[in-house]
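A short write-up of the structure that comes next.
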Amino acid sequence: MAKEITPRSEDYSQWYLDIVRKARMADTSPVRGCMVIKPHGFAIWEKMRDALDAMFKETGHVNAYFPLFIPKSFLSKEAAHVEGFAKECAVVTHYRLKNDPEGGGVIVDPEAKLEEELIVRPTSETIIWDTYKNWIQSYRDLPLLINQWANVVRWEMRTRPFLRTTEFLWQEGHTAHASAEEAMEETLLILEIYARFAEEFMAMPVIKGIKTPNERFAGADETFCIEALMQDGKALQAGTSHFLGQNFAKAFDVLFLNKDNQQEHVWATSWGVSTRLVGGLIMTHSDDDGLVLPPKLAPIQVVIVPIPKPAPEILAAAQNIASQLRAKGVSVKIDDDDQNRPGFKFAEYEMIGVPVRLGLGQRDLDAGQVEVARRDTKEKESVPLDTVAEHVARLLQDIQSNLFNRAKAYRDAHITSVDTWAAFEDVLENKGGFVLAHWDGTTETELEIKERCKATIRCIPVDGALEDGKCILTGKPSTRRVLFARAY
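The sequence shown maps to residues 1 to 488 in my numbering.
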């Protein structure tokens, strides 16, 4: 199986596509730019979704659902918003088909034209704020902490499974508050949740930062983000949290009576992560032999493979181990299929990223032991049957930590500070990764740098210290370094 995967060193882009295909993550679709998420890929997304959903609910958020279709006029109400999304919108113009009288199949009925075109949801700020004006009358109705799990459509020209698709799955939170301070606290709370999820569940280290005005979400006053580094030295924006100020409240006339009995516009946030996290997971940990998954997000954490055939006593031992592990909250599969040889099964489970594999044959049973193989390091060892459950439970924690530490070591080794344009170009071309450099704060310089070398300002790190310097391109004064990288 691994021979069918292009090595990362030869063609990283093809390696990624090979992993998606061979690890049974997703399939192509007859609709350009869309994908079919296969059961294994969707199971990983479900693990992500469930973990994040619990984190949201722990902080007082609740789920709702809003329509897929948005009246076109809604997007016109917030000028920056419509400008940011206009080129990506799919538009519904008719509501009925009919048979072609000339025998050409099905055609759009020209008499079924909508009075107002509908936009297929690219994001939901507009329709949600139109709804919120009916839900919010007084400060007693605030804060309103709503999240929805949904699909969205953004018409992309260049697509790649999970990372950038025309239709994708995500969550989008939309909250309303009585003050700017409370809304900003919410924005930063979600940023922390995203960072904690990325590092504790995905084992993917991230840098928290603020987007430049040029990279800011359309309609936001500030956009905060988490940025991760993939194995090819490119950055991936893994989540964003936006402080919307009063922009959408003013656009949709969402007012509330404050404690001083005065009307004022509410303050807002929005925030989201999507199935591009699945792509980030693949590119952070996987290798030339297939998918590598952190145990917290693996649909199957342990697979037990009886060798060579599932004899009754071997199956009984496997079931006993499985029961002990399940009692510890571990997801286990016993592969007792006698149609494929053990070697084929080992390769298959390595390909789809199962963190731990147990091999159990008659010799192992006679010796009172089981072979334990870990996916992250490929190491194998023999463990006594009577302690294997405790050993594997500890091993899963170790694998989770090892994957994070390995990714962090790579990330940290690929953060480089530079002070000159020549050094900046050299790092981008020959080393890759994140580059910390001074920038004069202007959009003109930001765009010029992007034009010259395809590197963008990923963020202004929130933990970055003030430091006097000179912009690497213009030489103008700068008070802090920003994070540059080429990115997905």
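Positions of the beta carbon are idealized from the N, C-alpha and C atoms, including for glycine. This one's a predicted model, so the numbers in the text were calculated from it and none came from an experiment.
Asked, Found
"What is the DSSP secondary structure of N261, counted as helix, strand or coil?", "coil"
"How far does the beta strand (DSSP E) with E451 in it reach, from first residue to last?", "No beta strand (DSSP E) holds E451; the alpha helix (DSSP H) holding it covers T443 to C453."
"Return the chain-ordered list of same chain residues with a C-beta closer than 7 Å to the C-beta of A112, the five sequence neighbours on each side being excluded.", "H94, Y95 and R96"
"With DSSP as the reference, please indicate the residues paired to R154 in a beta bridge.", "Bridge partners of R154: none, in fact."
"Alpha carbon to alpha carbon, what distance is there between W155 and I119?", "12 Å"
"May I have the straight-line CA-CA distance separating I314 from Q400, to the nearest angstrom?", "29 Å"
"Using C-beta distances below 8 Å, list every residue in its chain close to A2, excluding the 5 sequence neighbours before and after it, in chain order.", "With a pLDDT of 47 at A2, under the threshold of 50, the predicted position of this residue should be treated as unreliable, and no value is reported."
"For A183 versus L144, is the C-beta distance shorter than 7 Å?", "no"
"Give a yes or no on whether the C-beta atoms belonging to F248 and E78 are separated by under 7 Å.", "yes"
"Count the C-beta pairs between the segment 189 to 200 and the segment 63 to 78 that are closer than 8 Å, then say yes if the count reaches three, no if not.", "no"
"Comparing alpha-carbon positions, which option in S331, C34, A487 and T442 lies nearest T166?", "C34"
"Give me, in chain order, the residues of the same chain whose beta-carbon lies closer than 7 Å to that of V206; leave out the 5 immediate sequence neighbours on both sides.", "A195, A198, E199, I226, E227, A228 and A238"
"Where DSSP assigns a beta bridge to K98, which residues make up the other side?", "I107"
"Which two residues bound the contiguous beta strand (DSSP E) that contains M35?", "M35 to I37"
"Let me make sure I understand the geometry here. Which of A487, E467 and T474 has the alpha-carbon closest to that of R480?", "E467"
"Looking at the strands, I want to know which residues DSSP matches up with H242.", "T223 and S270"
"Just tell me which of C453, I44, E446 and T126 has its CA closest to the CA of S73.", "T126"
"The alpha helix (DSSP H) spanning V392 covers which residue range?", "V388 to A413"
"Since I119 sits in a beta bridge, which residues does DSSP pair it with?", "I70 and V91"
"Can you give me the C-alpha to C-alpha distance between K211 and T456, rounded to a whole angstrom?", "11 Å"
"Could you tell me the alpha carbon to alpha carbon distance between K378 and S241, rounded to whole angstroms?", "38 Å"
"From the DSSP output, in three-state form, read off Q171 for me.", "strand"
"Only counting the same chain, and skipping five residues up and downstream in sequence, which positions put a Cβ closer than 8 Å to that of L188?", "F224 and S241"
"Give every residue of the same chain whose Cβ lies closer than 6 Å to the Cβ of N134, excluding the five residues on either side of it in the sequence, and list them in chain order.", "none"
"Which word fits A251, buried or exposed, when buried means at least 16 other C-beta atoms lie within 10 angstroms of its C-beta?", "buried"
"To which residues does DSSP link S478 through a beta bridge?", "G469"
"Can you have a look at M157 and say buried or exposed, based on whether 16 or more other CB atoms are within 10 angstroms of its CB?", "exposed"
"Is Q319 closer than 7 Å to A389 when the C-beta atoms are compared?", "no"
"Let me know the secondary structure DSSP gives M1 once reduced to three states.", "For M1, the predicted model reports a pLDDT of 48, less than 50, meaning its position is unreliable; a value from the coordinates is still stated below. It is coil, neither helix nor strand."
"Which term fits F344, buried or exposed, when burial requires 16 or more other beta carbons within 10 angstroms of its beta carbon?", "exposed"
"So, Q369 versus V330, is the Cβ gap smaller than 7 Å?", "no"
"Comparing C-alpha positions only, which one of A203, I136 and K87 sits nearest to A409?", "A203"
"Tell me the residue span of the beta strand (DSSP E) that contains Q369.", "Q369 to R374"
"Indicate whether V356 and V332 have their beta-carbon atoms separated by less than 7 Å.", "no"
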